[in-house]
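Residue numbers (our numbering): 448 to 623.
All C-beta atoms in this analysis are idealised placements derived from N, C-alpha and C, irrespective of residue type, glycine included.
Values in this document were obtained by computation on a predicted structure and should not be read as measured data.
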């Protein structure tokens, strides 16, 4: 199942200090970072995933794959150039169940890359680099927003288990 997405390109472009975004060994020829806000609507709740990158995130390509516990999106950039990507993900949408032992998995066209990860109480920040062209990116966590809210599920189960008891109580007895 996938969530509905509304991508909005933010302006103006932000000028970034590349040294703050990369490790010492990375050579990235761009200094402009494009910030894009992606709205993912799941079960009538809206979540905003933010991407900051020197490549183009294809508008409308970000989706939530709830059963796979992942978000997917497409990017484009000049063939062979090195690109950077910083993805900010709300923990209420997708996260690690245990930040001490679990790891984010990031794949670029099926090849695993290893992100630098930071987080606070509400968001996870994943930073990674790769060589550009047209690519699909998958970001996989270990917990995803549930399909139905927990409270709703509990109430539904309670109602379904109570129904036979109520029917038995009010069932008319047939006497010969």
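**Prompt:** Residues in its own chain within less than 8 Å of residue 527 by CB, not counting five upstream and five downstream?
**Reply:** 578, 579 and 580.
**Asked** Which of the three DSSP states, helix, strand or coil, is assigned to residue 593?
**Response** In the structure shown, residue 593 falls within a coil segment according to DSSP collapsed to helix, strand and coil.
**Item:** Secondary structure, beta strand (DSSP E): runs of 3+ residues fully inside the stretch 494-546
**Value:** Note on the stretch 494-546: whole beta strand (DSSP E) runs with a minimum of 3 residues are 510-512, 517-523 and 529-537, in chain order.
**Request:** Would you identify the three-state DSSP class for residue 610, choosing helix, strand or coil?
**Result:** Looking at residue 610 - three-state DSSP - the assignment turns out to be helix.
**Message:** Just to confirm the assignment, what range does the beta strand (DSSP E) spanning residue 573 have?
**Reply:** Its beta strand (DSSP E) spans residues 570-578.
**Asked** Considering only C-alpha positions, which residue in the set 582, 533, 601 and 550 is nearest to residue 556?
**Response** The alpha carbon of residue 556 has as its nearest neighbour, out of 582, 533, 601 and 550, the alpha carbon of 582.
**Message:** Can you give me the C-alpha to C-alpha distance between residue 614 and residue 603, rounded to a whole angstrom?
**Reply:** If you take the alpha carbons of residue 614 and residue 603, they lie about 17 Å apart.
**Request:** Below 7 Å CB to CB, which residues in the same chain sit around residue 544 once its five sequence neighbours on both sides are set aside?
**Result:** Result list for residue 544: 589 and 590, in chain order.
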